[in-house]
Amino acid sequence: MSISDPYDWMAGLYDESALIKMYALADCCINCGLEGFGLATINAQACGTPVIGLNVGATPEILKAGVLVPEGARLQTPDLLTKALPSSDGIATALAEIQGSPRSKWDKGPEFVRENFDWKVIMPKYLKLLDDFEADLEARCISSAYPPKPSDRLLQMAKELIVVD
């Protein structure tokens, strides 16, 4: 088993072609950490690679070519947030299922990504969301001037922090 360098990954040092190769050559992608945007799940499926994902949050909605793993426990962080942790037995079972399956079992991943996450699909939905949001604000008689103007106190504090030459 091998993984990409965590620092290089987080710093964005892998170019798009390297990421495609990594996802396409992997036997599977284990993404059980509630990664916020689901990018690893979507990228792996786009390359035809099955994903093992945590059956919590948005993952069940965006995972169509892989195996969902149940929550094994919950961790409470010092800031009192809770985080779901995957079941280790669930991951082992999912790995066995993927290993015992032909790669063709996961072929629906690229099509699912094209149909649901292509820019031509996403942008009209996003623009409609923004239009609906603006219309809702107007219906509620809420001014939507964005960004909001800072208070005089915050504006003064910002001016004191920023040195202008």
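Numbering (my numbering), first residue to last: 20 to 184.
Virtual Cβ for every residue (Gly too), placed ideally from N, Cα, C.
Check, Outcome
"For Trp125, count the other beta carbons within 10 Å of its own beta carbon; 16 or more makes it buried, fewer makes it exposed. Which is it?", "buried"
"Please confirm whether Pro97 and Leu73 have their CB atoms less than 8 angstroms apart.", "no"
"Do Arg93 and Lys102 have their beta-carbon atoms positioned less than 8 angstroms apart in this structure?", "yes"
"How should Gln95 be labelled, buried or exposed, when 16 other C-beta atoms within 10 angstroms of its C-beta is the threshold for buried?", "exposed"
"Check whether the segment 110 to 123 touches the segment 39 to 47, taking contact to mean three or more Cβ pairs, one atom from each stretch, closer than 8 angstroms.", "yes"
"Find out if the Cβ-Cβ distance for the pair Gly52, Pro69 is shorter than 8 angstroms.", "no"
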